[in-house]
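Engineer: Below is a structure I'd like to ask you about.
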Amino acid sequence: MDSFEYRDNRLHCENVLLSKVAEEFGTPTYVYSRDAIELAYLAYANALQGRDDMVCFAIKANSNLAVLNILARLGAGFDVVSQGGLQRGLESGGRADRVVFSGVSKQSSEIRYALQAGIHCFNIESAAELERINSVAEQMAMLAPISFRVNPNVDAGTHPYISTGLKENKFGIAIEDAPRLYQHAASLKHVKIIGMDCHIGSQLTEIAPFMDAMDKLLALIDTLETQGISIKHLDLGGGLGVCYTDEVPPTPQQYIDAVLDKIADRELTLIFEPGRSIVANAGVLLSEVEYLKHNESKNFAIVDAAMNDMLRPALYSAYLDILPLQINDSQEFQEYDVVGPVCETGDFLGKDRRLNIVAGDLLAVCSAGAYGFTMSSNYNTRTRAAEVMVDDNKSYQIRARETFADLIKGEKILPQD
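Those letters in the sequence shown? Residues 237 to 653, by this note's numbering.
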């Protein structure tokens, strides 16, 4: 987290003191570094320099318009899984022709909207979806650009909830079924085959699973070519891991170099769909310690952020580093479970953390830029956090903290009898 560092024992984001952000905007608050986002995106773009390829940011990782606008300005495309995601991408300044539409359950209305917008491609995930897209395109007298998400049955070696490339996963079509489905698609009048897609999982820290999947995909592409079906682009999805603790994932340059070596002289445009690896370590979640509670066998640091603000520790047992905003050498270190106010035993942000803190101290939950706010909720009637973007020495509120009025907007009480 190079954009987040201690100076004089106080944690900064770029050139902004994070305690000042907490003072101005309150807690819990998500804070993002513009510099970190830009550098992470450019690591992909620069590795592909000179090629007509696309880096399509996975909007589900962080969908704030300010984040998306920063990426759109740099030329990023977007990977979306809903009409709302597509609308966000367009609202932020993104180009429809640089959008790929993934997801297993595209509704007819979403397909119509995407066709009207002029997206680059639908990533089809089932035979039934192919028929629906062809039917909607026929009704609109249009030609829908398509790619099949092929499931290569490769074990990515990640948490089972974020592994997507095995036979038992709901995603994609089995690689054994792909030739038949491609041939059927080629016979339809209102779809146009342009690509092949694959996404085997998230938080991969080795290149080998990507290469195993590529071997299977390239063999399939070569087979289809002999049958008169030409694949123009290969979409390798996202999944490149980040360092949460001591992981050492490959860099985008190392990963892309291996991909380019593998495709050799094939004339394939490449598409990548990174999400986590662009924004995870570009964000932190600020929280205040409300109480310290010392039981016979466990110490608890009870903070004002909860599982509704950051779900990943409860959902995946994800480890996120937790740091004080100010280092205080006068306090004794103790082990704490850092927990929130939600009425669930699973409401924790970290367990067994060595911290020297007192009530009122401020903490930063690190690596919170991906799947933090986007997975947040109003559980326990809690308002969602504010979001702030730091740009050098300035802080900008990019989402206001919700109010109670926001929570009940649209709700109605039944009339009296």
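Don't be surprised by glycine CBs; every beta carbon is placed ideally from N, CA and C. Since we're looking at a predicted model, the values are computed, not measured.
Going by other Cβ atoms of all chains shown within 10 Å of its Cβ, with 16 needed for buried, is Ala-621 buried or exposed?
Structural biologist: buried
Engineer: To test your reading of the DSSP string, which unbroken alpha helix (DSSP H) runs of 4 or more residues are found completely within the stretch 476-536?
Structural biologist: Annotation note: the stretch 476-536 contains the following uninterrupted alpha helix (DSSP H) runs of length 4 or greater, listed N- to C-terminal: 488-499 and 512-515.
Engineer: How big is the Cα-Cα spacing for Thr-487 and Cys-479?
Structural biologist: 11 Å
Engineer: Per the DSSP calculation, Phe-384 is bridged to which residue(s)?
Structural biologist: Ile-360 and Met-432
Engineer: Consult DSSP for Glu-241 and reduce its assignment to one of helix, strand or coil.
Structural biologist: strand
Engineer: State the DSSP-derived secondary structure class of Ala-329, mapped to helix, strand or coil.
Structural biologist: The sequence shown places Gly at residue 329, not Ala. In this structure, Gly-329 counts as coil in the three-state DSSP scheme.
Engineer: Can you grab the Cα-Cα spacing for the pair Val-553 / Val-578, in whole Å?
Structural biologist: The residue asked about is misnamed: residue 553 is Ser in this sequence, not Val. If you take the alpha carbons of Ser-553 and Val-578, they lie about 17 Å apart.
Engineer: For the pair the stretch 432-452 and the stretch 381-388, tell me if three or more CB-CB distances fall below 8 Å.
Structural biologist: Verdict: yes, contact present.
Engineer: Are Ser-299 and Gly-321 close, meaning C-beta to C-beta below 8 Å?
Structural biologist: Their beta carbons are under 8 Å apart, which means Ser-299 touches Gly-321 by this criterion.
Engineer: Does the stretch 459-470 come within contact of the stretch 497-512, defined as at least 3 CB pairs closer than 8 Å?
Structural biologist: yes
Engineer: Roughly how many angstroms separate the alpha carbons of Arg-416 and Thr-462, rounded to a whole number?
Structural biologist: 14 Å
Engineer: Short check: CB of Ala-516 to CB of Leu-559, under 8 Å?
Structural biologist: no
Engineer: Using three-state DSSP, classify Ser-344 as helix, strand or coil.
Structural biologist: In the structure shown, Ser-344 sits in a helix (DSSP, three-state: H, G or I).
Engineer: Could you spell out the range, first to last residue, of the alpha helix (DSSP H) harbouring Pro-415?
Structural biologist: 414-423
Engineer: For the stretch 589-653, list the alpha helix (DSSP H) runs that are entirely contained and at least 4 residues long, ordered along the chain.
Structural biologist: Taken in chain order, the whole alpha helix (DSSP H) runs of length 4 or more contained in the stretch 589-653 are 640-644.
Engineer: If Leu-522 and Pro-264 are in contact, beta carbons under 8 Å, what's the gap, nearest whole angstrom?
Structural biologist: Taking the Cβ atoms as the reference, Leu-522 lies roughly 6 Å from Pro-264, within the contact range of under 8 Å.
Engineer: Just confirm the distance between the C-beta atoms of Asn-614 and Leu-643, as a whole number of angstroms; I'd bet it's less than 8 Å.
Structural biologist: With a Cβ gap of about 6 Å, Asn-614 and Leu-643 count as contacting.
Engineer: Do Gly-582 and Ala-541 have their beta-carbon atoms positioned less than 8 Å apart in this structure?
Structural biologist: Inclusion of Ala-541 and Gly-582 in the CB contact set at 8 Å is not warranted, their separation being larger than that value.
Engineer: For Leu-402, which three-state DSSP category applies?
Structural biologist: Low confidence applies to Leu-402: its pLDDT is 44, below 50, so where it sits in the model is not reliable, and the reading given next is rough at best. Coil.
Engineer: For Met-447, collect the residues of the same chain with a Cβ closer than 7 Å to its Cβ; drop the 5 residues on either side in sequence, then sort them by chain order.
Structural biologist: Ala-494 and Lys-498
Engineer: Near Glu-374, what residues of its chain come up, given a Cβ to Cβ distance below 6 Å and the 5 sequence neighbours on each side ignored?
Structural biologist: His-426
Engineer: Taking buried to mean at least 16 other C-beta atoms within 10 Å of its own C-beta, is Ala-364 buried or exposed?
Structural biologist: exposed
Engineer: Three or more C-beta pairs closer than 8 Å, one from the stretch 271-289 and one from the stretch 532-540: is that the case here?
Structural biologist: no
Engineer: Hey, would you say Pro-381 sits closer than 8 Å to Lys-428, going by beta carbons?
Structural biologist: yes
Engineer: For Gln-463, which of helix, strand or coil comes out of DSSP?
Structural biologist: Note: Gln-463 maps to coil in three-state DSSP.
Engineer: Apart from the five residues on each side of it in sequence, which residues of its chain come closer than 7 Å, Cβ to Cβ, to Lys-452?
Structural biologist: Pro-388 and Ile-411
Engineer: Quick one: what does DSSP say Gln-567 is sitting in, helix, strand or coil?
Structural biologist: Reduced to three states, the DSSP call for Gln-567 is coil.
Engineer: What are the boundary residues of the alpha helix (DSSP H) that Arg-246 is part of?
Structural biologist: It is not in any alpha helix (DSSP H) - Arg-246 instead sits in the beta strand (DSSP E) that spans 246-249.
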